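The sequence shown begins at 1 in UniProt numbering and counts up by one. Glycine is no exception: its CB is placed at the ideal position from the N, C-alpha and C atoms. Computed from a predicted structure; not experimentally measured. Here the structure is laid out as C-alpha cells; the discussion comes afterwards.
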Amino acid sequence: IQSRCKEAFFLLPELIEEYNDKYANFRSIACNSRLGRYLGRKNYRRSRRVNGSPIRARIRERERERERERERGRERYRERERRDSDRERESEDVVWGAVVGEGSAQGGIGLYGRPLSSRSALSPPSRNGRPTSRRPRCRRLLVDADPGLGDPLPVTIASSVGGGGEGAAPAQRWWCCPFVRGGGPVEEGVEMKGLFKSKLRTPIEMVRLSREILISIDLNRNTRDAKREEKLAELNKVIREMKQTLYGYGDMEPVGELCGQLTQEFFKENTMRLLVVCLPKLNLEARKDVTQIVANLQRQQVHSRLIASDYLEANKDLMDLLVTGYEDMDIALHYGAMLRDCIRHQSIARYVLESEHMKKFFGYIQLPNFDIASDAFATFKELLTRHKSTVAEFLTKNYDWFFAEFNSKLLESPNYITRRQAIKLLGDILLDRSNSPTMMQYVCSKDNLMVLMNLLRESSKNIQIEAFHVFKLFVANQNKPPEIVSILIANKSKLLRLFSAFKTEKEDEKFEADKSQVVKEIAALEAKDLS
Numbered sequence: 001i002q003s004r005c006k007e008a009f010f011l012l013p014e015l016i017e018e019y020n021d022k023y024a025n026f027r028s029i030a031c032n033s034r035l036g037r038y039l040g041r042k043n044y045r046r047s048r049r050v051n052g053s054p055i056r057a058r059i060r061e062r063e064r065e066r067e068r069e070r071e072r073g074r075e076r077y078r079e080r081e082r083r084d085s086d087r088e089r090e091s092e093d094v095v096w097g098a099v100v101g102e103g104s105a106q107g108g109i110g111l112y113g114r115p116l117s118s119r120s121a122l123s124p125p126s127r128n129g130r131p132t133s134r135r136p137r138c139r140r141l142l143v144d145a146d147p148g149l150g151d152p153l154p155v156t157i158a159s160s161v162g163g164g165g166e167g168a169a170p171a172q173r174w175w176c177c178p179f180v181r182g183g184g185p186v187e188e189g190v191e192m193k194g195l196f197k198s199k200l201r202t203p204i205e206m207v208r209l210s211r212e213i214l215i216s217i218d219l220n221r222n223t224r225d226a227k228r229e230e231k232l233a234e235l236n237k238v239i240r241e242m243k244q245t246l247y248g249y250g251d252m253e254p255v256g257e258l259c260g261q262l263t264q265e266f267f268k269e270n271t272m273r274l275l276v277v278c279l280p281k282l283n284l285e286a287r288k289d290v291t292q293i294v295a296n297l298q299r300q301q302v303h304s305r306l307i308a309s310d311y312l313e314a315n316k317d318l319m320d321l322l323v324t325g326y327e328d329m330d331i332a333l334h335y336g337a338m339l340r341d342c343i344r345h346q347s348i349a350r351y352v353l354e355s356e357h358m359k360k361f362f363g364y365i366q367l368p369n370f371d372i373a374s375d376a377f378a379t380f381k382e383l384l385t386r387h388k389s390t391v392a393e394f395l396t397k398n399y400d401w402f403f404a405e406f407n408s409k410l411l412e413s414p415n416y417i418t419r420r421q422a423i424k425l426l427g428d429i430l431l432d433r434s435n436s437p438t439m440m441q442y443v444c445s446k447d448n449l450m451v452l453m454n455l456l457r458e459s460s461k462n463i464q465i466e467a468f469h470v471f472k473l474f475v476a477n478q479n480k481p482p483e484i485v486s487i488l489i490a491n492k493s494k495l496l497r498l499f500s501a502f503k504t505e506k507e508d509e510k511f512e513a514d515k516s517q518v519v520k521e522i523a524a525l526e527a528k529d530l531s
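Structural data, given as C-alpha cells:
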C-alpha cells in the first residue's frame, strides 16, 4: 500500500496535466480552498469511473516487471542448485574421514568396524578453506564407537570384509582427508596422493622441512630472488601448519600426541636457533606465527618434562640474540615476546639477570618508540618479579649499581610513563617479603628518600599514590638513620600539609589507615630523635 501511494503521488502532476483541458479550473480550485480540494478529488474520482485509471495501469505494469525479475532470480537459484547437485554427484566416490595406517582394506572402510556409508560423518572443507560444522560430529563418532577411546587417537581403520573390527590396524595418525569409498584396495603406505594437491605432513616432517629451508636460506644468501621467494613462501606455509598443530584449527582441538611429536623434533636439532636468526627475513604474519609457536613450545611437556628448559639450558647464548633484538625496530616486539616466554624458566632468567645485558634495559626502556619501550619494560618487570628467590639473590649482589641506575634513569626520567611504571615496579619489589633485606637497605638511604619526596610533589595523582606506598616504608622504619630523621623533621610541616589534602579518587580504607599512621609518625618526630 505504501509503495502504491508513493507511485500515485509521483504520477499526480502528470494526471493534472492530462485532465487540465476537460477541467480547466481544477488547478486553481484545488489550491485555493478546502472545498476546492474536495471538488478536485471528486472530479478525479468521476474521471476514473468514466475513462479508467492510468495510475492503476502503470502500477500493474510495474508489478508485472517485478514479477518477471523475481522469476529470473528464481531461475538463477535453480541453476546454482543444479550445478551444486552435479558437483555433488561427481564427488560421490570420495568420503572424508581418517587416513589409513599400515595394512589394506577392501570393499568399504569403517571406523572400529562401523562403515562410513555416507558423507555425513565428515564433510570436506568449504570453499574458503574453513572446516565445516560436521567435523566435530566425526570426532563424536569416533568416541561413540569405543567409549574407552576418549581422544580419537589412535583410531583404527577396519575392513568391512571379514566381520567388522577383525583385522583392524591402528592408524599412524588421524587427519581430515579423503579416501576412496567402495571397491578397490587401499595399498599399504599409500596416502591417496591422486586425491590431494598437497600431501598432509606429519609434525616431524613439518619441523624437518622447515629446518632444511631455514638452513638453505641462511647459508645461500646469494640465491636469486625468485628461488628465494619460493622457498620463503613454502616456509611460511609450513610454519602455519606447525601453528595449527599446536593450537588447533577451527573446531578441531590440538592433539596431545601430535604436539608431543612436534616438540621433540623441534628441540632435537637447532630449529629454534635457525628461526631466531632468520626471523628478520620472514614476513610479518610468519613472524607472528613463529612467536606463538615458541611461546607454546615453552609449555609443552613430553613425559612430564619440559624439553624446552633443557634445550635453552644448553643454548643460553640465544638469550643474547633476543635481548639485542630491541635494537632493531622491525623485530624488537617479536624478540621481546619470545624472550619473556624463555625467562619463564628460572635458570634462563638467572642467566639474563647476571649478564651484562641487564644494564641495557635501562636504555631500552627510554627508547623514543613507545611500543618498543613498553615491551622492554614488560620484559624488565618480568625479570624482577617472576622468580622470587633468584631476584632476591640478584638484588643483594647488585644493589649499588642497580638502584643507582633505577633512580637516575627511571624514577627521575623526563618521561611521565616511565616514571609512573618505575615507581609502581619499585613498590612491588620492596613490598615483596623475599626482598626484605633489600628493602631495609633501600629505606636507610638519604638519596633514595629525596627521590621519593620529589615524586610526592608530582602533579599526577597516580605517581603520588605509588610514591606514598614506598615513602611510608621510610617513615615506618623503627631504626631510622639520623640523616633520614633530620630530613623528615626539616620537611615536617610541608609533609603534614601535603597529606592533609592527600586523597584517592575512590574510598580506600587501607590507604586511609596507612596515611593516618604516617601522619602520626611524622607529627611525633622531635629534634631529640636525632640522637
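Could you check what DSSP says for Gln264 in three-state terms: helix, strand or coil?
Taking the first residue of the sequence shown as position 1, residue 264 is located at position 264. Reduced to three states, the DSSP call for Gln264 is helix.
Compare the Cα-Cα distances from Phe370 to each of Arg66, Tyr416, Asn315, Glu69 and report the closest residue.
Within the sequence shown, the letter at position 370 stands for residue 370. Per the Cα distances, Tyr416.
Work out the CA separation of Asp428 and Val519 for me, nearest whole Å.
Residue 519 sits at position 519 when you count from the first residue of the sequence shown. Residue 428 sits at position 428 when you count from the first residue of the sequence shown. Using only the alpha carbons, I get a separation of about 23 Å.
Which term fits Gly336, buried or exposed, when burial requires 16 or more other beta carbons within 10 angstroms of its beta carbon?
In the sequence shown, residue 336 corresponds to position 336, counting from 1. Counting Cβ neighbours within 10 Å, Gly336 comes out buried, since at least 16 surround it.
If you draw a straight line from the alpha carbon of Glu505 to that of Arg228, how long is it in whole angstroms?
Working through the sequence shown from its first residue, we reach residue 505 at position 505. Working through the sequence shown from its first residue, we reach residue 228 at position 228. Approximately 59 Å between the Cα atoms of the pair.
Where does Glu412 fall in DSSP's three states?
Translated into the one-based positions of the sequence shown, residue 412 becomes position 412. Reduced to three states, the DSSP call for Glu412 is coil.
For the alpha helix (DSSP H) holding Arg350, just list the boundary residues, first then last.
Residue 350 sits at position 350 when you count from the first residue of the sequence shown. First-last of the alpha helix (DSSP H) with Arg350: 346–354.
Determine the direct distance from the alpha carbon of Pro482 to that of Asn398, and round the result to whole angstroms.
Looking up residue 398 in the sequence shown gives position 398. Looking up residue 482 in the sequence shown gives position 482. In a straight line, the C-alpha of Asn398 is about 25 Å away from that of Pro482.
Taking 8 Å as the threshold, find out whether the segment 228–237 comes into contact with the segment 246–254 through three or more Cβ pairs.
no
Taking 7 Å as the cut-off, decide whether the C-beta atoms of Leu498 and Ile522 are in contact.
Counted from its first residue, the sequence shown places residue 498 at position 498. Counted from its first residue, the sequence shown places residue 522 at position 522. It is not a contact, given that the beta carbons lie outside the stated cut-off.
How about His334 and Arg287: are their beta carbons less than 7 Å apart?
What you label residue 334 is simply residue 334 of the sequence shown in a count that begins at 1. What you label residue 287 is simply residue 287 of the sequence shown in a count that begins at 1. Going by beta carbons, His334 and Arg287 fall inside the 7 Å limit.
Starting from Arg433, follow the alpha helix (DSSP H) in both directions and report where the run begins and ends.
Against the sequence shown, residue 433 aligns to sequence position 433. Per DSSP, Arg433 belongs to no alpha helix (DSSP H) and is neither H nor E.
Any idea if Arg419 is buried or exposed, counting beta-carbon neighbours within 10 angstroms, 16 or more meaning buried?
For this step, residue 419 is matched to residue 419 along the sequence shown. It counts as buried.
Do you know how far the Cα of Met206 is from the Cα of Tyr326?
As a first step, residue 326 is located in the sequence shown; it is residue number 326 there, counting from the start. As a first step, residue 206 is located in the sequence shown; it is residue number 206 there, counting from the start. Roughly 30 Å between the two C-alpha positions.
Could you tell me the distance, in whole angstroms, from the CA atom of Leu209 to the CA atom of Gly73?
The residue you call residue 209 lines up with position 209 of the sequence shown. The residue you call residue 73 lines up with position 73 of the sequence shown. C-alpha separation (whole angstroms): 50 Å.
With contact counted as at least three CB pairs below 8 Å, one residue from each stretch, are the segment 349–362 and the segment 386–395 in contact?
Touching, yes, given that three or more Cβ pairs across the two stretches are closer than 8 Å.
Below 6 Å CB to CB, which residues in the same chain sit around Gly163 once its five sequence neighbours on both sides are set aside?
Within the sequence shown, residue 163 is the residue found at index 163, counting from 1. Legend: pLDDT at Gly163 = 36, less than 50; position of this residue unreliable, value from coordinates given subsequently. Within the same chain, Gly163 has no close Cβ partners at all.
With distances taken from CA atoms, which of Ile213, Arg64, Met319 is nearest Asp341?
Reading the sequence shown from its first residue, position 341 is the one you call residue 341. With distances taken between CA atoms, Asp341 lies nearest to Met319 out of Ile213, Arg64, Met319.
Quick one, are the C-beta atoms of Val470 and Leu449 less than 7 Å apart?
By one-based count along the sequence shown, residue 470 stands at place 470. By one-based count along the sequence shown, residue 449 stands at place 449. Their beta carbons are not under 7 Å apart, which means Val470 does not touch Leu449 by this criterion.
Whole angstroms are fine: how far does the CA of Asn315 sit from the CA of Gln441?
Position 441 of the sequence shown holds residue 441. Position 315 of the sequence shown holds residue 315. Cα to Cα, the separation comes out at about 36 Å.
In three-state terms, what does DSSP make of Leu455?
Numbered from its first residue, the sequence shown carries residue 455 at position 455. Leu455: helix per DSSP, three-state reduction.
Work out the CA separation of Val277 and Gln261 for me, nearest whole Å.
For the purposes of this step, residue 261 is taken as the residue at position 261 of the sequence shown. For the purposes of this step, residue 277 is taken as the residue at position 277 of the sequence shown. Their Cα atoms are separated by approximately 23 Å.
Is it buried or exposed, His345, if we count other Cβ atoms within 10 angstroms and call 16 or more buried?
In the sequence shown, the residue the question calls residue 345 occupies position 345. Classification of His345: buried, given that the 10 Å Cβ count is 16 or more.
Would you tell me roughly how many angstroms separate the C-alpha atoms of Glu526 and Asn479, rounded to the nearest one?
Here residue 526 refers to the residue found at position 526 of the sequence shown. Here residue 479 refers to the residue found at position 479 of the sequence shown. C-alpha separation (whole angstroms): 15 Å.
Can you grab the Cα-Cα spacing for the pair Glu313 / Leu431, in whole Å?
Stepping through the sequence shown from its first residue, residue 313 is reached at position 313. Stepping through the sequence shown from its first residue, residue 431 is reached at position 431. C-alpha separation (whole angstroms): 31 Å.
Have a look at the DSSP bridge pairing and note the partners of Leu312.
To locate residue 312, count along the sequence shown from 1; it is residue 312. Paired residues: none, contrary to the question.
Suppose you measure from the CA of Pro280 to the CA of Asp400; what does that come to, to the nearest Å?
As a first step, residue 280 is located in the sequence shown; it is residue number 280 there, counting from the start. As a first step, residue 400 is located in the sequence shown; it is residue number 400 there, counting from the start. For Pro280 and Asp400, the gap between their C-alpha atoms comes out near 37 Å.
At the level of alpha carbons, what is the spacing between Ile489 and Arg433?
Taking the sequence shown and counting its residues from 1, the one referred to as residue 489 is at position 489. Taking the sequence shown and counting its residues from 1, the one referred to as residue 433 is at position 433. Each residue's Cα considered, the two are about 29 Å apart.
Bridge partners of Tyr249, per DSSP?
Counted from its first residue, the sequence shown places residue 249 at position 249. According to DSSP, Tyr249 bridges with Met252.
Does the beta-carbon distance from Thr263 to Met338 come in below 7 Å?
As a position in the sequence shown, residue 263 is number 263, starting the count at 1. As a position in the sequence shown, residue 338 is number 338, starting the count at 1. Their beta carbons are not under 7 Å apart, which means Thr263 does not touch Met338 by this criterion.
So, using beta-carbon positions, are Arg240 and Asp317 closer together than 7 Å?
Position 240 of the sequence shown holds residue 240. Position 317 of the sequence shown holds residue 317. In this structure, Asp317 does not lie closer than 7 Å to Arg240 by Cβ.
Name the DSSP bridge partner or partners of Gln301?
To locate residue 301, count along the sequence shown from 1; it is residue 301. Beta-bridge pairing links Gln301 to Leu306.
Starting from the C-beta of Val475, find all residues in its chain whose C-beta is less than 6 Å away, skip the five residues before and the five after it, and write them out in chain order.
The count along the sequence shown starts at 1 and reaches residue 475 at position 475. Answer for Val475: Val518, Glu521, listed in chain order.
With burial defined as no fewer than 16 other Cβ atoms inside 10 Å of the residue's Cβ, what is the status of Pro203: buried or exposed?
The count along the sequence shown starts at 1 and reaches residue 203 at position 203. With 16 or more other Cβ atoms within 10 Å, it is buried.
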